[in-house]
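In our numbering, the protein residues as written are 1 to 230.
Cβ atoms here follow ideal geometry from the backbone N, Cα and C, with glycine treated the same way.
Since the model is a prediction, treat every value here as computed from it, not as a measurement.
Since the structure comes first, as structure tokens, the remarks are kept for the end.
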């Protein structure tokens, strides 16, 4: 099935480069040149992923992401001309799945997009095929790509869902950051420890809002494991 990618950037040349690379990879591309048009294109068509420039006129990428996250968990890959750690962390914390700094390699961008698109529940398999994973009051439905806490839905990005699936598949196991990166990112892309930590922090925040203040436990010096909220 052809993947539909919304590419939002105010630089026409960058839109052209990304569009050419994605179409060469067999994807369909929808283009937008500012934040307002991005939201309009997103609301008008079903897309599988958004490549979103942070520094755009008429609503920047971070604001667009916040608006989209109110109703959708579509994967978002941020672009930025600034290699600023604050931007990267903020972008991930508000719901981004990955972050690429300009200038970038079109081949790497396509590879990162493919990784995100493949990062679905089927890419992280529990020990036996199941329709639901259960741990305490946590319920995960891999086929529906859904999670809830005590019946309250928790909206996760693709990356967050992949990480939670991994932790829930072996709830007593402590996963190092490297093992989380290897499995959640399918060994194709290197991300920093800070990126992993940002995703974990965001998962915790979402579950805290649903009534679980400590869904993931930090095992100092090792990594993370699933905890049980009572």
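Is the number of C-beta pairs between the segment 68-77 and the segment 157-165 that are closer than 8 angstroms three or more?
yes
CB-CB under 6 angstroms to residue 129, same chain, minus the five flanking residues each way: which ones, in chain order?
Translated into positions along the chain shown, residue 129 becomes position 129. Confidence at residue 129 is low in this model, with a pLDDT of 48, below 50, so its placement is unreliable and the value that follows should be read with caution. Counting only Cβ-Cβ distances below 6 angstroms, and skipping sequence neighbours, we find nothing.
Determine the extent of the alpha helix (DSSP H) in which residue 114 is found, giving its start and end residues.
By 1-based counting over the chain shown, the position of residue 114 is 114. Its alpha helix (DSSP H) spans residues 106-118.
Tell me which residue opens and which closes the alpha helix (DSSP H) that residue 13 is part of.
Taking the chain shown and counting its residues from 1, the one referred to as residue 13 is at position 13. Its alpha helix (DSSP H) spans residues 12-24.
Rounded C-alpha distance that separates residue 223 from residue 201:
Residue mapping note: residue 223 aligns to position 223 of the chain shown, counting from 1. Residue mapping note: residue 201 aligns to position 201 of the chain shown, counting from 1. Going from the Cα of residue 223 to the Cα of residue 201 covers about 13 angstroms.
Can you give me the Cβ contacts of residue 9 inside the same chain, cut-off strictly under 6 angstroms, excluding the 5 residues immediately before and after it?
Numbered from its first residue, the chain shown carries residue 9 at position 9. Closer than 6 angstroms at the Cβ level, and outside the excluded window around residue 9, lie 15 and 53.
Do the CB positions of residue 167 and residue 216 come within less than 8 angstroms of each other?
Here the question's residue 167 lines up with position 167 in the chain shown. Here the question's residue 216 lines up with position 216 in the chain shown. In this structure, residue 216 lies closer than 8 angstroms to residue 167 by Cβ.
Boundaries of the alpha helix (DSSP H) in which residue 169 is found, first to last residue:
Locating residue 169 in the chain shown gives position 169, counting from the first residue. Note, residue 169: alpha helix (DSSP H), 158-169.
Three or more C-beta pairs under 8 angstroms: does that hold for the segment 133-144 against the segment 40-56?
no
Excluding the 5 residues preceding and the 5 following residue 58 in the sequence, name in chain order all residues of the same chain whose CB lies nearer than 8 angstroms to its CB.
Here residue 58 refers to the residue found at position 58 when the chain shown is read from its first residue. Correct list, in chain order: 34, 35, 36 and 37.
Which residues bound the beta strand (DSSP E) around residue 147?
Locating residue 147 in the chain shown gives position 147, where the first residue counts as 1. Start and end: 146-149.
In or out: residue 181 buried (at least 16 other Cβ within 10 Å) or exposed?
As a working mapping, residue 181 is identified with position 181 in the chain shown. Residue 181 comes out buried.
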